[in-house]
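Q: Okay, so the sequence shown: first residue is 73 according to our numbering, each after it adds one. Where a beta carbon is used, it is the ideal one built from N, C-alpha and C, also for glycine. Below you'll find the structure I mean.
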Amino acid sequence: MKESLRMTEGSISRKIILFAIPLFLGNLFQQLYNTADSLIVGNFLGSNALAAVSSSGNLIFLLIGFISGISMGAGVVIARYYGAKQQDYLRRAVHTTVAFGLLSGVLLTIVGMYFAPKILVLMGTPKDVLPESITYFRIYFAGSIGVVMYNIFVGILQSVGDSRHPLIYLIISSCINVVLDIFFIAGLHMGVGSAALATAISQFVSAILCMVHLMRVKEEYRLELRAIRFDKLMLKQIIENGVPSGFQNSVISIANVFVQSNINAFGKLAMAGCGSYSKIEGFAFLPVTCFSMALTTFVSQNLGARQYDRAKKGAKFGVICSVLIAEIIGIIIYMTAPTCIAAFNSDPGVLHYGVMQARVASMFYCLLSFSHCIAAVLRGSGNASAPMYVMLCDWCIFRVAYIAVAVRLLHDIRVVFWAYPLTWSISSVIFLVMFLRGKWIYGFEKSDEKIAKKKA
Numbered sequence: 073m074k075e076s077l078r079m080t081e082g083s084i085s086r087k088i089i090l091f092a093i094p095l096f097l098g099n100l101f102q103q104l105y106n107t108a109d110s111l112i113v114g115n116f117l118g119s120n121a122l123a124a125v126s127s128s129g130n131l132i133f134l135l136i137g138f139i140s141g142i143s144m145g146a147g148v149v150i151a152r153y154y155g156a157k158q159q160d161y162l163r164r165a166v167h168t169t170v171a172f173g174l175l176s177g178v179l180l181t182i183v184g185m186y187f188a189p190k191i192l193v194l195m196g197t198p199k200d201v202l203p204e205s206i207t208y209f210r211i212y213f214a215g216s217i218g219v220v221m222y223n224i225f226v227g228i229l230q231s232v233g234d235s236r237h238p239l240i241y242l243i244i245s246s247c248i249n250v251v252l253d254i255f256f257i258a259g260l261h262m263g264v265g266s267a268a269l270a271t272a273i274s275q276f277v278s279a280i281l282c283m284v285h286l287m288r289v290k291e292e293y294r295l296e297l298r299a300i301r302f303d304k305l306m307l308k309q310i311i312e313n314g315v316p317s318g319f320q321n322s323v324i325s326i327a328n329v330f331v332q333s334n335i336n337a338f339g340k341l342a343m344a345g346c347g348s349y350s351k352i353e354g355f356a357f358l359p360v361t362c363f364s365m366a367l368t369t370f371v372s373q374n375l376g377a378r379q380y381d382r383a384k385k386g387a388k389f390g391v392i393c394s395v396l397i398a399e400i401i402g403i404i405i406y407m408t409a410p411t412c413i414a415a416f417n418s419d420p421g422v423l424h425y426g427v428m429q430a431r432v433a434s435m436f437y438c439l440l441s442f443s444h445c446i447a448a449v450l451r452g453s454g455n456a457s458a459p460m461y462v463m464l465c466d467w468c469i470f471r472v473a474y475i476a477v478a479v480r481l482l483h484d485i486r487v488v489f490w491a492y493p494l495t496w497s498i499s500s501v502i503f504l505v506m507f508l509r510g511k512w513i514y515g516f517e518k519s520d521e522k523i524a525k526k527k528a
């Protein structure tokens, strides 16, 4: 990668935007091919198959979320060494990250295929949907090592400021996924499991493309297969930075699985309608995801280079952009919800539930964006524990407690829908206080003061 792509030099706004745009486009293509699964399944295989695929999101994230969190921790470590230009530590961090991904992919395959059916039963998945759901999950997790390694390789590239190559590879895999969906389902008339098979194949392709690129680059983060091994120092740092994020992802997923089980109680039409909305909501997540990832990389690299004022200015710029864009998308979704939901399934019941959830949540996307961006800034500074505690208490414990009590008092699915805006509001207030107090950067400035005193 060219030196000019480092986040530690040049215009702050330009660096963040140029890094975020490929992330946005990449996430857009990923969301499009995730949506293509539901569109093709819903229109060719019916509402039962759509419900089976629609209920997959929270459970998949539950099992993959922890490893994704560890990957985020690895990205923080790699970005910091890249920003500090410590080449030996950077190489060791890269190869330890890849070794971790390989081990995690194997374990996830075993755990996912064994436990997914049991969790689906615990979630109260309707009996007429359960067989197709189990088929979908087992095929998906059979290829989960491709999903894990793709995320690992992309995390490495993004941590050094390269968001362009992951975009190219994601576009290729997205096209492959859509073509295979149409071929398997519309052409060969295969069942819902073929949608998972198409996803697994496309993820393997993108993972291989990323790996080949990392093996060919001339920079210090080049991947060498012979050097893939665990380094104790790097593994410790990756775990310290990643475990809080992984734990955060997992507990939030557990809460969302609880939410999904309450939605399941309202029947398969509610499952299909809410699942259709979740695909649309994914588009609102695009600015949230791309700016939060850009902020983590930007903050981590600049703190590694001890450019504290630059890190603070970049954090403020990224948060403002993300919040504004997310809210604009929320307004658009609110206005076009009936048309968007009908694209997945025209059943009046599916349409009813999907539009209802969209109208409750979409106007609060600015709060969702703000919470995720501040959490990303904290992770980039090496303070992954703070967002973990906030989201554990608010997005997990409080969300579950609220639903458990509220649904008993008022058996209305809108009570479940309001759990999200309510908890987004609470976390936004807490994160705002933390950000304004500047505690996220204090540890780095304090360590520099100690070093200066020792030299004096």
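In whole angstroms, give me the CA-to-CA distance for residue 148 and residue 289.
A: Near 21 Å, if we compare the C-alpha coordinates of residue 289 and residue 148.
Q: Would you kindly work out how many angstroms separate the C-alpha atoms of residue 339 and residue 370, rounded to a whole number?
A: 44 Å
Q: Got a sec? Which residues, its chain only, sit under 7 Å from residue 300 by beta carbon, not counting five neighbours each side?
A: 167, 170 and 171
Q: Grouping DSSP H, G and I as helix and E and B as strand, with all else coil, what is residue 80?
A: Correct three-state label for residue 80: coil.
Q: Just confirm the distance between the C-beta atoms of residue 426 and residue 413, as a whole number of angstroms; I'd bet it's less than 8 Å.
A: Yes, they are in contact, since the Cβ atoms of residue 426 and residue 413 sit about 4 Å apart, within 8 Å.
Q: For a minimum of 4 consecutive residues, which ranges assigned as the alpha helix (DSSP H) are wholly contained in the stretch 273-358?
A: Counting only runs of 4 or more, we get 304-336.
Q: Is residue 216 close to chain C? Criterion is C-beta to C-beta, closer than 8 Å.
A: Chain labels in this structure do not include chain C; a single protein chain is all it has.
Q: Quick one: grab the DSSP three-state call for residue 144.
A: For residue 144, the secondary structure class from DSSP, reduced to helix, strand or coil, is helix.
Q: Taking residue 439 as the reference, give the member of 139, 174 and 504 with the closest Cα.
A: A check of alpha carbon separations from residue 439 across 139, 174 and 504 identifies 504 as the nearest.
Q: Taking Cβ to Cβ, would you say residue 256 is nearer than 8 Å to residue 246?
A: no
Q: Are there 16 or more other CB atoms within 10 angstroms of the CB of residue 217, so buried, or fewer, so exposed?
A: buried
Q: Would you kindly work out how many angstroms separate the C-alpha atoms of residue 44 and residue 481, rounded to a whole number?
A: Summary: the structure shown does not reach residue 44, with the chain confined to residues 73 through 528, and so no result is reported for it.
Q: Per the contact definition of three or more C-beta pairs closer than 8 Å, is the stretch 271-280 in contact with the stretch 239-253?
A: Contact holds: three or more Cβ-Cβ distances are below 8 Å.
Q: Going along the chain, which residues of its own chain have a beta-carbon closer than 7 Å to the beta-carbon of residue 499, five neighbours each way excluded?
A: 443, 462, 463, 466 and 467
Q: Is the beta carbon of residue 358 less than 8 Å from the beta carbon of residue 448?
A: no
Q: Going by C-alpha to C-alpha distance, which of 215, 268, 259 and 226 sits closest to residue 208?
A: 268
Q: Which residue's Cα is closest to the Cα of residue 342: 356, 422, 259 and 452?
A: 422
Q: Note the first and the last residue of the continuous alpha helix (DSSP H) segment covering residue 193.
A: For residue 193, the uninterrupted alpha helix (DSSP H) segment begins and ends at 159-194.
Q: Could you check where the alpha helix (DSSP H) with residue 262 kicks off and where it finishes?
A: First-last for residue 262: undefined, no H or E at that position.
Q: Let's see if you can read the secondary structure: which residues bound the alpha helix (DSSP H) around residue 237?
A: 236-253
Q: By how many angstroms is the C-alpha of residue 226 removed from the C-alpha of residue 84?
A: 23 Å
Q: Within the same chain, show all residues whose beta-carbon is closer than 7 Å to that of residue 156, passing over the 5 residues directly before and after it, in chain order.
A: 376 and 377
Q: When you compare only the Cα positions, how much space is there between residue 373 and residue 356?
A: If I take the Cα positions, the gap works out to 27 Å.
Q: What is the DSSP secondary structure of residue 91, reduced to helix, strand or coil?
A: helix
Q: How is the alpha helix (DSSP H) around residue 223 delimited, first residue to last?
A: Segment 216-231, the alpha helix (DSSP H) holding residue 223.
Q: From residue 154 to residue 220, what distance separates their C-alpha atoms?
A: 23 Å
Q: Pick out whichever of 494, 173 and 93 has its Cα sitting closest to the Cα of residue 310.
A: Considering only alpha carbons, the answer is 173.
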